[in-house]
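Colleague:
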Amino acid sequence: MATIKKVQVTFDCAEPERVGRFWCEVLGYVAPSPPKEFATWDEYNASLPPEQRGAWFACSDPEGVGPRLYFQRVPEGKVVKNRVHLDVRVGTGLVGEERVAALEAECARLVALGATRVHLMPADEDNESCLLMQDVEGNEFCLD
28 MATIKKVQVT FDCAEPERVG RFWCEVLGYV APSPPKEFAT WDEYNASLPP
78 EQRGAWFACS DPEGVGPRLY FQRVPEGKVV KNRVHLDVRV GTGLVGEERV
128 AALEAECARL VALGATRVHL MPADEDNESC LLMQDVEGNE FCLD
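Numbering-wise, this note's numbering puts 56 at position 29 of the sequence shown, and it's gapless, one number per residue.
#1: With a 10 Å radius around its C-beta and 16 neighbouring C-beta atoms as the bar for buried, classify Gly91 as buried or exposed.
#2: Decide if the stretch 128-135 is in contact with the stretch 67-79; the criterion is three or more beta carbon pairs, one per stretch, under 8 angstroms apart.
#3: Report the residue from Thr67, Gln99, Asn166, Glu64 whose alpha carbon sits nearest the alpha carbon of Val107.
#4: Looking only at its chain, what residues have a beta carbon closer than 6 angstroms to the beta carbon of Trp50, apart from the 5 residues adjacent to it on each side?
#5: Just checking, does the stretch 100-116 make contact with the stretch 32-40 on the three C-beta pairs under 8 angstroms criterion?
#6: Where do the ends of the beta strand (DSSP E) carrying Tyr56 lie?
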């Protein structure tokens, strides 16, 4: 049986570049260079038929460690809770008030980028605190 070496996380969305650029800021990811015959992605998009312009966006971890993220335009909007979501690990190794402070600080940064704070899930006997949020199109994610 083959071993999986890499994964890509794909987001269905209305505005791929907007959502993709949000996640670039969240994770420190970068967009790839445009195809070599184009100076910019805008120039590349302008070369496409109108229905294909802005249909997708991709970004990746500049260190090559994290998965590539791919954003594709779909006609339908988000109507229910995500079945899969990202946990952005900002509080690893922290507990109690120190962890909550780190989560809240990152939450404030992401809200300034267009995210929405949903609610803090306080620590219990099994889990440390985490903060539920939504990205710029309402996709849920956690600050963990």
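Backbone N, C-alpha and C define an ideal beta-carbon position, used for all residues, glycine too.
Modeller: Reading from the atomic positions:
#1: Exposed, by the Cβ-count rule.
#2: Too few Cβ pairs lie closer than 8 angstroms, so no.
#3: With distances taken between Cα atoms, Val107 lies closest to Asn166.
#4: Leu96
#5: Result yes; three or more Cβ-Cβ pairs closer than 8 angstroms.
#6: Looking at the DSSP string, Tyr56 is not in any beta strand (DSSP E), and its letter there is neither H nor E.
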